[in-house]
Amino acid sequence: MPKLFERTVYSELLEWKNHWSKDYALLVEGARRVGKSTVVKEFSEKEFKSALIIDFYKPKPGTIELFNRYGNEYDRLFTELQALYSVELYLGESVIVFDEIQLFPRAREMIKGLVEDGRYCYIETGSLITVLSNAAKIMIPSEEYRIDMYPMSFEEFCWAVGASSKYDYAKNCFEQGKQMGVMHRELMELFKTYMMIGGFPQSVSKFIESQRYSDCERVKKGILQLYHEDLSKIPVKNGDVAKRIFDSVPALLSKHEKRFRPGIIKKGSRTSNYENSLLWLDDAHICNLCWEINEPQSAINLTIEEKSLKCYMLDTGLLLTQSFGSNILNSDEVQAAFVKNKLNLNEGMIFENAVSQELKCRGIELRFTKFARDEKHVYEVDFIVGGKKPVPIEVKSGDSSRHTSLDSLLERNKGRITKAYIVHGKDVKKEGKITYLPIYMVGFLANSLSNRKSA
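Just so we're aligned: the sequence shown equals residues 671 to 1125 in my numbering.
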């Protein structure tokens, strides 16, 4: 049985149950192995009087036949399902879960009628649900309350490994603008451990059990293989292209300019050649796309440059596994050296991917900006968060004292941008409009910016 970890998405599930469940089925989407089925099962059994859970990956014999035969006869369907699954359903107090619903689109098509029937609540979970190839032949129901689920954040990782007090101390320092002092090194090592292990519950669970990085590496390699199998399910042309993009993410991010460059995948190609495959990877939650904007403003999406983007991996631990490629990360000594900052490695792409992951899992759209000061100088700022006052974020894995791009952006937008952040490997510091934050505080920053946007 999968290990149960505390997940922030649980509060979103409660929000649906308390306010939306009478009119909408809950749809939990996310990539493979992020923990959707586990948290939904826990929630369903804890928050309802009874839960009838149907796993369409391995349904009980006769399940599919029941849906096909009695899809329009709810009385008979519910009676047969209760008998088959040995679960009693209670009017208004039970939930029916369709797990891995992308494997049986017919059940998803039935959601509209089932919700209107009103006897029970419904939860759907699955990967690749929104991909057209999985839903081309059905009518997509509008009665769905959607929640995206991601790999575990650093906050959830700290809960899992018993480091809540350290995380809370860092949060208090962030809120008060105080330095971490002697605790900084310890939190940096904890965050690097998180980056190495990744946020997949199976990998975190394995680390808790054995304390061996090499065991986590085997788990992550298995997940990479699953994703390659998923990519093989796309129609032939897009599937092959998506695989090449996915495998090229480390090479793309390792460049000084991390924008998507089609020439790395195939010489002479254009971004437009890969548009469908890029959107597929984003839609499947396997990659996180970050689009360029021409001007930082409150309506941040009005100036998107559709042909310019960056492509991040959904999980930084997975990026590290993919980056090394060989069996080097099977060595616990090598991974420990990374955590202790004793490995000669360009951490720029790793830090930037980790920041993108912390922003994305908190509902912040990923955007960056690029601008020219003159013919010879083109500047780029890693992330721009929209809102009444746009907020730029620059990521520095090494020397954070030089930040010409950010300074130039602030100079160009004196009235529009009133504060900026540099995320780095050092302690808290403030200089004028710029606040320096250690990378383990980026989740606090993301929460504050997300709350600001919704206020």
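For each residue, glycine too, the CB sits at the ideal point set by N, CA and C.
Between 883, 840, 1107 and 1050, which lies nearest to residue 1007 when the distance is taken from Cα to Cα?
883
Coarse secondary structure for residue 983, derived from DSSP in three states
strand
Residue 764 bridges to which residues according to DSSP?
720
Bounding residues of the alpha helix (DSSP H) (the contiguous stretch that carries residue 1018):
1018–1030
Below 8 Å CB to CB, which residues in the same chain sit around residue 849 once its five sequence neighbours on both sides are set aside?
A distance below 8 Å between beta-carbons, with the five flanking residues on each side excluded, links residue 849 to the following residues of its chain, in chain order: 843, 1097, 1098 and 1099.
Name the DSSP bridge partner or partners of residue 961?
Paired residues: 979 and 1037.
In whole angstroms, what separates the C-alpha of residue 709 from that of residue 928?
35 Å
Give every residue of the same chain whose Cβ lies closer than 6 Å to the Cβ of residue 875, excluding the five residues on either side of it in the sequence, and list them in chain order.
673
For residue 792, which residues does DSSP report across the bridge?
766
Applying the 10 Å Cβ sphere with the 16-neighbour rule, what's the burial state of residue 895?
exposed
Rounded to whole angstroms, what is the Cα-Cα separation between residue 867 and residue 885?
10 Å
Looking at the structure shown, is residue 1150 part of a helix, part of a strand, or coil, going by DSSP?
Residue coverage of the chain in this structure runs from 671 to 1125, which leaves residue 1150 outside it and unanswerable.
Alpha carbon of residue 1025 to alpha carbon of residue 1112, nearest angstrom
One C-alpha to the other measures close to 7 Å.
Would you call the segment 972–979 and the segment 927–947 in contact, with 3 or more CB pairs under 8 Å?
yes
Reduced DSSP secondary structure (H/G/I, E/B, other) of residue 777:
Note: residue 777 maps to helix in three-state DSSP.
Terminal residues of the alpha helix (DSSP H) in which residue 1049 lies
No alpha helix (DSSP H) holds residue 1049; the beta strand (DSSP E) holding it covers 1048–1051.
For the candidate residues 1120, 993 and 873, whose alpha-carbon lies nearest to that of residue 1034?
Nearest to residue 1034 by alpha-carbon distance, out of 1120, 993 and 873, is 1120.
Please name the residue or residues paired with residue 817 in a DSSP beta bridge.
Assignment of beta-bridge partners to residue 817 by DSSP yields 698.
Start and end residues, beta strand (DSSP E) containing residue 1094:
1090–1094
Per DSSP, which one or two residues make a beta bridge with residue 896?
Answer by DSSP bridge pairing: none, since residue 896 is not bridged.
Quick one: using the 10 Å Cβ neighbour count with 16 as the cut-off for buried, is residue 1019 buried or exposed?
buried
Taking the CB atoms as reference points, tell me whether residue 820 and residue 960 lie closer together than 8 Å.
No; because the gap between Cβ atoms is not below 8 Å, this pair is not in contact.
Helix, strand or coil, according to DSSP, for residue 759 in the structure here?
coil
Do the CB positions of residue 660 and residue 935 come within less than 8 Å of each other?
Any answer about residue 660 is impossible in this case: the structure gives the chain only from 671 up to 1125.
Alpha carbon to alpha carbon, how far is residue 678 from residue 847? Give it in angstroms, no decimals.
Take the alpha-carbon of residue 847 and the one of residue 678: they are about 25 Å apart.
Contacting residues, own chain, Cβ-Cβ under 7 Å from residue 634 (five flanking each side not counted)
There is no way to answer for residue 634, as the model of the chain reaches only from 671 to 1125.
Is the beta carbon of residue 916 sitting closer than 8 Å to the one on residue 889?
It is not a contact, given that the beta carbons lie outside the stated cut-off.
Count the other CB atoms within 10 Å of the CB of residue 900; is the residue buried (16 or more) or exposed (fewer)?
buried
Leaving out five residues before and five after residue 965 in sequence, what residues of the same chain have Cβ atoms less than 7 Å from its Cβ?
973
Opposing strand residues paired with residue 1108 [DSSP bridges]:
1094
Mind checking residue 753: buried by the 16 CB within 10 Å criterion, or exposed?
The C-beta of residue 753 has fewer than 16 other C-beta atoms within 10 Å across all chains shown, which makes the residue exposed.
Just the Cα atoms here: how many angstroms apart are residue 1079 and residue 1016?
25 Å
Can you grab the Cα-Cα spacing for the pair residue 853 / residue 716, in whole Å?
37 Å
Over the uninterrupted alpha helix (DSSP H) stretch that includes residue 682, give me the two end residues.
679–689
Extent of the continuous alpha helix (DSSP H) run through residue 625
Since the first and last residues shown for the chain are 671 and 1125, residue 625 lies out of range.
Taking buried to mean at least 16 other C-beta atoms within 10 Å of its own C-beta, is residue 690 buried or exposed?
exposed
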